[in-house]
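*Asks:*
Numbering (our numbering), first residue to last: 4 to 101.
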C-alpha cells in the first residue's frame, strides 16, 4: 500500500512569510508575520507526525491481514473441517439413516 506523504505547502508558506517578515520594517507587523510562520511550521510538523502514525498503522494492519490470510487456509484448517464433516455425517447417518 502506498505511503501517505505530507505536502510541503505549510513549510513553503512559512518560508515565504519569514521572507516577508525580513522585508517589513514595522516591528508589530514583523511579530505577526513570525507568529504566523511559526504556526504554519507547527502545523506542518503535526501533519508529518500524524501521517507517520497513519503509515505505521497501515503497515501494521497490512501485515496483520497477510498473517490472517496465511493462517486461514492451512493444512490443519482443512483437516479440522474434514473431521467435523465426518463427525456430522456419522451423526446424521445415525439419526436419519437407520
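Backbone N, C-alpha and C define an ideal beta-carbon position, used for all residues, glycine too.
1. So the alpha helix (DSSP H) residue 100 belongs to, where does it begin and stop?
2. Once DSSP output is grouped into helix, strand and coil, what is the label at residue 29?
3. By the three-class DSSP mapping on this structure, what secondary structure does residue 82 have?
4. Would you grab the beta carbon distance between residue 44 and residue 17 for me? Rounded to a whole angstrom, and I think it's under 8 Å.
5. Could you tell me which of 23, 50, 64 sits nearest to residue 8, measuring between CA atoms?
*Replies:* According to the structure data:
1. No alpha helix (DSSP H) contains residue 100, which DSSP labels as neither H nor E.
2. If DSSP states are grouped into helix, strand and coil, residue 29 belongs with coil.
3. Reduced to three states, the DSSP call for residue 82 is helix.
4. About 5 Å separates the CB atoms of residue 44 and residue 17; that is less than 8 Å, so the two are in contact.
5. Looking at the Cα atoms, 50 is the closest of the given residues.
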